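What follows is one structure encoded as structure tokens, with my remarks underneath.
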Amino acid sequence: MVAQAGKPGPAQLKACGHPRQIDLRPMLAILSIWFYVFLICLIYGGAAARLLLHLLGEANPDPGRLPLSLLTILGLSLVTTLAGYLSLFIKIALLANALVFLGALLLAGIYYEELTHCLQAGLRRLFALHKYILALFFLIFLFILVRSAAPPSAFDTGLYHAQAIRWIEEYPVIPGLGNLHGRLAFNSMWLPANALFGFSFLKVQPCHVLNGFFLLVFLFICLQGLSNLINRQYHFSNILRAGMALPGLLVFKDQLSSPTPDVPVALLICLLFVYYVQLRENHGEVPGQFFSLLICFLAAWAITIKLSALPLALLIVAIAGKEIARCHTRNLCLLAGGAAFLVLPYFLRNIWLSGYLLYPFPALDLFHFDWQVPPAAALAEKRAVEAFARDPGYVLTPAALNSAFAWAPTWFQQTLADYGSKLARILLPGLVLLVDCLVNAITRKTWEIDLGEIGKNAVLYLTAAGGLLFWFFTAPDPRFAMGYLLVAVIIIFIPLLKAFDYQVTRIFPWSLALLMLYFVAAFLPPDLPTLGQRLWLPAPYPQERLTVEEIQGRQVYFPGNPGGKCWYAPLPCTYHPVNFVFRGAGMKDGFQARSAP
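Dropping the structure here:
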């Protein structure tokens, strides 16, 4: 039996090479959602900051003195975690949104004055940007808006992200969902957040705009660093932020319309390095105790989004070690309690989806639920990810894939072929910084390298190196290392920059600003929308032809074309071969592995 998921709409025709027209309707919908997400995150982040500052005994617990971007990211981590907790008991639809909204409404009433102060301070910081950087920010805002309106195109989104989100939208967490398809047990706390702000309960079509929102916040933080350098505020945190702006925009611009976790985890990795540098610089803008805890909380949250962030645990260890040395028992308790609150729903969802505390790691077999994914199937998923990362062209023999380094030459060639342009864009700020250092050395008639800075910044270097080594020896797909690469390109210059007391010339900030302007102008589609076009409905997920088979008296959907993907197909949708059975009478009862005949 064959089912047609729907005729291709304008978005699909564009993706197939038809003339590209920009529709204003997804843009206005995205703007509305971004504004709503911003307000919700600001309220939760501001309230959490107020509480944390009070618990730390700060004399002035007003969150208005904290950067608005910082509060927004903190709030996003809390809302994401709340969505994870709610997904254990209810579907993430109207009721979940109502609970989150009512919670925000209550907090807004309690902390009205503080939140108003936060908004006012945030607007002052926005318009304190250098006038040319402010104009560049608004141009980038438009660029991200246009990119976020495109149809989703990420391969993994079609393979399982969209399906995982639909399961979250229509059911509480499903026991043994990984038995339906192994990738559906690849848990990420970014998916409940996308379900929460997807508004599928409106029965129009789901939205998938969180990546664009997060990149916008990230780039605002980076442009602040660029503006500070132009205004001659020479700190390494400003250099680091400025250096990550250009590659951050160019590397992730094609993933903004997909709910892929690769984007937020890379951006969080970059931001955590920036925050750690700012903590060490101790400008006084953010209280040190609060900043330390925030770094730990965001690092824990990043790990729940994607395990490629696991090396960030080194930042948590470094900060916890300092708190132990200072005998700050209260701070340690807050750190442990906050981190546990953030990671608990991640582990609980893992157990329900796969039967394992961490998936796909069958060695951590602590439970024996009847919905557990068989260890052999979990191990096969793990090896499939590793094999594709090492050999995306499928040209190596199994023996070469499983050897220590025999796969490396082929992997290197394929990585350059597939990611050469992105890697060049990542290296571009480093090249500009190198030129700046050469000019600095010539004009000052000195060339010194302060190697002592390597030891002083050991935590930064060890975390970045640990992230790259962890990536290379587990699954060396460049997508999983983007955050570490963006950071590494800049921090290698610390010994050289310290010799100049971080006083870069005008070449570095203005070159980066002009390069960003050039690339945005080159990539921004020329046909800007007109007011006569429709205003709403964001671009939908692509739709593919489906086939329907009956299994245990129930309809199950499959992609109708070889190599096809489920995308946002009706539930349940999976792929051949069929290795599952329904666990009970209803869909929410979950799935079990099919027993061997």
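Residue numbers (the numbering used here): 453 to 1049. Backbone N, C-alpha and C define an ideal beta-carbon position, used for all residues, glycine too. All figures in this text were calculated on a predicted structure; none of them were measured in a lab.
{"Asked": "What is the rounded straight-line gap between the Cα of residue 874 and the Cα of residue 1035?", "Found": "45 Å"}
{"Asked": "Using C-beta distances below 7 Å, list every residue in its chain close to residue 802, excluding the 5 sequence neighbours before and after it, in chain order.", "Found": "639, 808, 809, 810 and 811"}
{"Asked": "Could you give the distance in angstroms between the alpha-carbon of residue 788 and the alpha-carbon of residue 775?", "Found": "12 Å"}
{"Asked": "Which partner residues of residue 1001 appear in the DSSP bridge assignment?", "Found": "1008"}
{"Asked": "Do three or more CB pairs link the segment 894-911 to the segment 744-755 at distances below 8 Å?", "Found": "no"}
{"Asked": "Along the chain, where does the alpha helix (DSSP H) containing residue 433 start, and where does it finish?", "Found": "Outside the displayed range of the chain (453 to 1049) lies residue 433, so it cannot be described from this structure."}
{"Asked": "Let me make sure I understand the geometry here. Which of 557, 661 and 575 has the alpha-carbon closest to that of residue 480?", "Found": "661"}
{"Asked": "Is the beta carbon of residue 664 sitting closer than 8 Å to the one on residue 482?", "Found": "yes"}
{"Asked": "Out of 583, 864, 892 and 512, state which residue places its alpha-carbon closest to the alpha-carbon of residue 678.", "Found": "583"}
{"Asked": "By Cβ distance, which residues of its chain are closer than 6 Å to residue 686, with the 5 residues on each side in sequence left out?", "Found": "954 and 955"}
{"Asked": "At the level of alpha carbons, what is the spacing between residue 753 and residue 712?", "Found": "16 Å"}
{"Asked": "With respect to the alpha helix (DSSP H) encompassing residue 939, which residues constitute its N-terminal and C-terminal limits?", "Found": "934-943"}
{"Asked": "Once DSSP output is grouped into helix, strand and coil, what is the label at residue 1034?", "Found": "strand"}
{"Asked": "What do you get for residue 493, buried or exposed, if any count of 16 or more other CB atoms within 10 angstroms of its CB means buried?", "Found": "buried"}
{"Asked": "If you run the structure through DSSP and keep just helix, strand and coil, what is residue 1025?", "Found": "strand"}
{"Asked": "Between residue 962 and residue 682, what straight-line distance do the alpha-carbon atoms span, to the nearest angstrom?", "Found": "8 Å"}
{"Asked": "Rounded to whole angstroms, what's the CA-CA distance from residue 680 to residue 489? Just pull it up for me.", "Found": "28 Å"}
{"Asked": "Entirely within the segment 568-636 and at least 3 residues each: give me those beta strand (DSSP E) ranges in chain order.", "Found": "none"}
{"Asked": "Apart from the five residues on each side of it in sequence, which residues of its chain come closer than 8 Å, Cβ to Cβ, to residue 892?", "Found": "952, 955, 956 and 957"}
{"Asked": "In angstroms with no decimal places, state the Cα-to-Cα distance between residue 1012 and residue 1039.", "Found": "23 Å"}
{"Asked": "DSSP state of residue 549, grouped into three classes?", "Found": "helix"}
{"Asked": "For residue 855, which three-state DSSP category applies?", "Found": "coil"}
{"Asked": "In its own chain, which residues sit with a C-beta less than 6 Å from the C-beta of residue 658, not counting the 5 before and 5 after it?", "Found": "650 and 652"}
{"Asked": "Per DSSP, what kind of secondary structure is residue 1057 in: helix, strand or coil?", "Found": "Since the displayed the chain opens at 453 and closes at 1049, residue 1057 lies outside it and no answer follows."}
{"Asked": "Grab me the residues of residue 1004's own chain with a C-beta within less than 6 Å of its C-beta, minus the 5 sequence neighbours each way, in chain order.", "Found": "1034"}
{"Asked": "Check whether the segment 720-735 and the segment 930-950 touch, using three or more Cβ-Cβ pairs below 8 Å as the test.", "Found": "yes"}
{"Asked": "Only counting the same chain, and skipping five residues up and downstream in sequence, which positions put a Cβ closer than 6 Å to that of residue 982?", "Found": "Confidence in residue 982 is poor, its pLDDT being 35 and thus under 50, which makes the residue's placement unreliable; the coordinate value appears in the next sentence. Counting only Cβ-Cβ distances below 6 Å, and skipping sequence neighbours, we find nothing."}
{"Asked": "Would you identify the three-state DSSP class for residue 814, choosing helix, strand or coil?", "Found": "coil"}
{"Asked": "Is the segment 616-629 touching the segment 538-558 in the sense that three or more CB pairs, one from each, lie closer than 8 Å?", "Found": "yes"}
{"Asked": "Between the segment 876-886 and the segment 852-861, do at least 3 Cβ pairs fall closer than 8 Å?", "Found": "no"}
{"Asked": "At the level of alpha carbons, what is the spacing between residue 1022 and residue 553?", "Found": "28 Å"}
{"Asked": "If you pair each beta-carbon of the segment 586-595 with each one of the segment 520-531, do three or more pairs fall below 8 Å?", "Found": "no"}
{"Asked": "Comparing alpha-carbon positions, which option in 692, 570, 827 and 852 lies nearest residue 1086?", "Found": "Nothing can be reported for residue 1086: it is not among the residues displayed for the chain, which extend from 453 to 1049."}
{"Asked": "Between the alpha carbons of residue 692 and residue 995, how many angstroms are there, rounded?", "Found": "41 Å"}
{"Asked": "Using 10 angstroms around the beta-carbon of residue 656, count the other beta-carbons present and answer buried if the total reaches 16, otherwise exposed.", "Found": "exposed"}
{"Asked": "By Cβ distance below 6 Å, which residues in the same chain neighbour residue 627 in space, the five residues on each side in sequence not counted?", "Found": "804, 823 and 1042"}
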